[in-house]
Amino acid sequence: MAEIANWTAGSVILKKNDTADSLMILLKGTVERVVGEASLTLLPGSILGIGVSPDEGYDSDYVAVTACSTYACPYSRDNDLDSVFKEYPKLAPVMTQQAVRNTCNLYDALLELIDSARAMYRDLISRFDSYPDMCRRTGDQIKDYQALRTFPGPVEDTGIEEWKVRLLKSLMTLEGRKDELLAGRIDLSASLADLAVLFINEVRKRIGEVESYKEKLKVASAGFLVEYSALKSKLSSITNGKGEDMSSLTGIFDKIVVYSELSPEDTADIRSAMREYKSIKDRYGISDQIRKIRRHLSSAFYPLYEAVLVKAIKEKEMPVYVRTFLMFGLLDEELLTKEELRTLYGFASSYRPDPRGHVMCAYEWLARVYRMQADPSRNEFDMDYQAYLKDQLHSGDITEELYKKLLVSGRNRLHFEISNLFTIGNRMTFGRISAFEPVFDDVNVIGSMEKGYLHADKVYKELAEITDRDYSIFYRNDIYSDPERNITQLPVHKQFLPNFILMPVMGSRFALWQEIEGKRRQSEARMLLPIIMSEDISSAMTRLCGEFRWEMCKTEQGIHWNDMRDPSLTAEYTDYLQFYRKNSQITADIKERIKNELKKYNNNFKAVFVADYSDYIRFESNGSLRLLKIPREILAKYAPFSGRSKELLKENPQYKQFIERFNNHEARDRRIIALTLKRFEKEGIESPKELVDEYNYLSH
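Its first residue numbered 134, the sequence shown is counted upward by one per residue in my numbering.
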C-alpha cells in the first residue's frame, strides 16, 4: 500500500544520488526539480523520480516549493510504474498529462543547456580571438594555449530524433481533453507514461553529455581566463594613463647608435641627417629642400640598420628598443605621440615568430639571408646574387678568389639584400614615393595602427579569404615517382605558400618582389607588405594575388607567355585586350567599355587583369556578377572557383559549363589517385602523404 506523506516548504522529498526505491505521486502543492542549470516546476499528478531505474540513484533533488502531499509507491522493478497506473485508475489521466508535460519541460531544459554551452564557447572564442591583440597593446608575450586552440565546439542539436519530439509536442496539445481520451484507458495511459520514460532517459543522457562538455571546457579554459582577466585590467590601466613605465623607449636614438657600434663617419652622418629632419617645421611638406633632407636621411639610415641587425643576430637577447627599431624603423620617440609609442612598444614586446615560417619581419628575413638559410633576392635588374657576382667577375671588378669568398659571405649577402630588396621594398610598400623616409614618424600614421598591424594571424586570415575561392593559386604541377611501390610517374600538385616579408613602415601598398626563388619554379614567392597597413587590407591582398597569378603564368610559359599557339591565362588575356576591336562577338558598347578600361590603366594589360581578378574574387565569387563575358570565361578556366563559391555558382548559367567541366576533370584525376590509394590499402601498405594530399587537392 502506498503511504501518504506531508512536506513543508523547503523539504527535500527525494535526494540526488539516493537509491531509487520508491516513486512519489505528487497530490498537492508544487515541487522544484533542478536539472543542471535548469529549474523545473512539477505540479500535482507528477510522478517524482520517474525515468530512473530501480536501484539507480535519483538524478536530481526534488524540493517542496510549497506545502506538499505525496503518495510513496514501492519501486523495485521497471514495470512497477505500470502497476501505479493500475492501482490508481482515477489518477491515471492526470499522471499521464503531467508525465508528458514534465518530459517536454525536461527537453526544453536540454535546449537551454545546449544554448548555454554554445554561449559559453562563443564567449571564450571571442576572448581568445581578442587575446593576441590585447597582448600586442600591453606588450605581454602571446602564449599558445594549444589545448584551447583545438578544443571542439559544442553540439549543434540535441541528437534526439525529430519524430519523437514532434510526437511529444503533439501529446501536449491534448492536455485539455485528457479525461475524455484517457479516462478508463489504463493501458493507454501507462503506455504513454512508458514512452515519456524512454524519452526522459534519452534527454537525461544528452544533458549529462552537455554538462560534461561544459565542465571540460571550464577546466581547459581556467588558466587562460585568469590571464585574460589580468590582461584586461592591465589594458584598462594603460588606457587610463596608468600603464607601466616605458623608460627603455626614451633616448632611443642615442641608444641605437651606441648599440650599433657604427663607424665614426656613419655615426656623424646619421646624427646630421636626424638633426636636419627634426628641424623641419612642416614634415608633411614635399618641397625640393625637404625631399633632399629625406634622401639624406634614407642614405644614412640603411648603414645604421645593417649594423644594428648584424649585432642583434649575434646576440641572444634583443632589447625592446632594438626590436622596435628593426620592426618599425623607430629611431626617435620624439617623432611619435605617447599613445603611438605605447602601441609600437606593445607590438614589439608581444611579438613572436610565425611558427609556420611564411610571415616574418624584414629583419627576420635578412637574418635568414645572413645565415645562408635563404638566397638573396633578385635585384632591380632581375639578377640574382650569383649572377651579380659573376657580372662583377666578368667586368674585372673582382677576382676569381674574391668571387668564391663573396659567394659564401653572410655579411656580403646581407648587404646585397639590404641594398636591393630592403631599400627598394621599403619605398614601394610605403606607397608615397615623394614623401618617403625610412624612420617611423607620426606624420605618416594614417588610420588605426592596431587595425593595420599585419601580424601572422591576420595575414593568414586575409590569404584564406582568397585561397578558399581560388584554391589552386599557390599550387604547382609536379611528378610523384616511387618505383618501390610500383609508381613510375603520377602527376600531382604541390603547394608553395609565399613568404610574406613585413617591411618596417606604415604604408599603403603590397608588392610582389619575385614570384619564384631565382630560377627554381618549385619555390616560394616573395611578397612585401608594410608591417602596418594604412589602406584596406583585403583589397590589397587580392590585388597582390592577382599580380602573382599573372607573373607566375608568365614565368611558367616563358617566351610563349603571350602566344595563343600555346594557350594560357596571359596569352588569352593579352589576345582579348589586344584584338577586342576586331572581335565581331563584342558589341560597340562593350568595346567602348574595354577602351575606357585600358585608358584607365594606361594600356597596361597586367593592371587590367589584376583589376578583373579582384572583382572575380571579391564579387563574382559571391554571385554578384561584374565582369565582362570574355574575362570571366578566362578566369573560370585558369583560376576556377573552389569550395563554397563553386557550390554557390554551379547552377549559374554564366558559370555552369565551366564548373561542370572542371568537376569532370577533377573527378577523372581523383579516380586515378583513389584507385592507387585503394591498392595500397588492400596490400596493407601505408599511403604516401603526397598522394593523400593530391586526393584532398582534387576534392576542392
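Note that beta-carbon positions come from the ideal geometry of N, C-alpha and C, so glycine has one too. Just so you know, these numbers come straight off a predicted model, no measurement behind them.
Would you report the Cα separation of residue i and residue j, rounded to the nearest angstrom?
| i | j | result |
| --- | --- | --- |
| Q525 | F549 | 13 Å |
| R404 | F386 | 9 Å |
| M134 | V217 | Per-residue confidence for M134 stands at a pLDDT of 44, beneath the threshold of 50, marking its modelled position as unreliable; the derived number appears in the next sentence. For M134 and V217, the distance between alpha carbons rounds to 11 Å. |
| Y208 | G143 | 25 Å |
| F458 | L464 | 6 Å |
| L156 | I333 | 15 Å |
| E294 | D256 | 29 Å |
| A721 | A769 | 24 Å |
| R698 | I665 | 44 Å |
| S581 | M639 | 11 Å |
| I719 | L731 | 16 Å |
| E799 | C268 | 44 Å |
| M228 | L301 | 15 Å |
| R777 | R714 | 36 Å |
| K367 | S667 | 27 Å |
| E165 | R337 | 17 Å |
| A412 | L499 | As written in the sequence, residue 412 is Ser, which differs from the Ala given in the question. Their backbone Cα atoms lie some 32 Å apart in a straight line. |
| I790 | Y604 | Per the sequence shown, residue 790 should be read as Gln rather than Ile. Distance between the alpha carbons of Q790 and Y604: 19 Å. |
| I162 | C206 | For clarity, residue 162 is Gly in the given sequence; the question names Ile instead. Going from the Cα of G162 to the Cα of C206 covers about 18 Å. |
| V196 | A138 | 14 Å |
| S369 | K449 | 33 Å |
| K136 | A252 | Checking the sequence shown, residue 136 turns out to be Glu, not Lys. E136 and A252: Cα-Cα distance of roughly 45 Å. |
| R414 | R270 | A small correction: the amino acid at residue 414 is Lys; Arg does not occupy that position in the sequence shown. Each residue's Cα considered, the two are about 31 Å apart. |
| Y264 | Y361 | 7 Å |
| T707 | R560 | 30 Å |
| P663 | P637 | 6 Å |
| K149 | V168 | 10 Å |
| K538 | S656 | 26 Å |
| V541 | R511 | 17 Å |
| G756 | L782 | 7 Å |
| F774 | P285 | 29 Å |
| V240 | S193 | According to the sequence provided, residue 240 is Tyr. The question's Val does not apply to it. Rounded to whole angstroms, Y240 to S193 spans 15 Å at the Cα level. |
| T703 | E342 | 56 Å |
| P764 | F742 | 8 Å |
| Y435 | V441 | 10 Å |
| L328 | P226 | 15 Å |
| G691 | T556 | 29 Å |
| E813 | N619 | Position check: residue 813 holds Phe in this sequence, whereas Glu was assumed. So the alpha carbons of these two residues sit roughly 10 Å apart. |
Within its chain, find whatever has a CB closer than 7 Å to the CB of residue i; leave out the 5 residues flanking it on each side and keep chain order.
| i | result |
| --- | --- |
| N238 | L173 |
| N466 | Looking at the sequence itself, residue 466 is Glu, so the reference to Asn does not match. Contacts found: L382, T383, I385 and L474. |
| E684 | L645 and E648 |
| D188 | T152 and A153 |
| R424 | S567 |
| R416 | D574 and V576 |
Which partner residues does residue i have in the DSSP bridge list?
| i | result |
| --- | --- |
| Q647 | R659 |
| N632 | R659 |
| E165 | T174 and V196 |
| C206 | L156 |
| R609 | K627 |
| C201 | W140 |
| I180 | I158 |
Could you pull the start and end residues of the beta strand (DSSP E) that residue i belongs to?
| i | result |
| --- | --- |
| W498 | Element bounds for W498: not the beta strand (DSSP E) but the alpha helix (DSSP H), A495 to Y503. |
| N553 | Note, N553: premise wrong, no beta strand (DSSP E); not H, not E. |
| T809 | Careful: T809 lies outside any beta strand (DSSP E), inside the alpha helix (DSSP H) at K789 to K815. |
| T236 | Unbroken run through T236 is the alpha helix (DSSP H), A225 to T271; no beta strand (DSSP E). |
| I146 | V145 to L147 |
Starting from the C-beta of residue i, find all residues in its chain whose C-beta is less than 8 Å away, skip the five residues before and the five after it, and write them out in chain order.
| i | result |
| --- | --- |
| S747 | S672, T675, R676 and G679 |
| M660 | P631, N632, F633, I634, F643, A644, L645, W646, L677 and F681 |
| A353 | A280, L281 and F284 |
| R427 | Y410, A568, F569 and E570 |
Over the uninterrupted alpha helix (DSSP H) stretch that includes residue i, give me the two end residues.
| i | result |
| --- | --- |
| A138 | That residue, A138, is in no alpha helix (DSSP H); its beta strand (DSSP E) goes E136 to W140. |
| T893 | The structure shown has nothing for residue 893, since the chain only spans 134 to 833. |
| V455 | V453 to F461 |
| A597 | A589 to T600 |
| H491 | Neither: H491 is in no alpha helix (DSSP H) and is coded neither H nor E. |
Here's a check: name, in chain order, each residue in its chain whose Cβ is nearer than 6 Å to the Cβ of residue i, leaving out the five neighbours to either side.
| i | result |
| --- | --- |
| R260 | Y361 |
| R118 | Residue coverage of the chain in this structure runs from 134 to 833, which leaves residue 118 outside it and unanswerable. |
| Y254 | G286 and P287 |
Restricting to runs no shorter than 4 residues, where is the alpha helix (DSSP H) found entirely within the region 725-797? 738-751, 762-771 and 776-782
Segments of 4+ residues assigned as alpha helix (DSSP H) that fall wholly inside the region 665-697: 670-690
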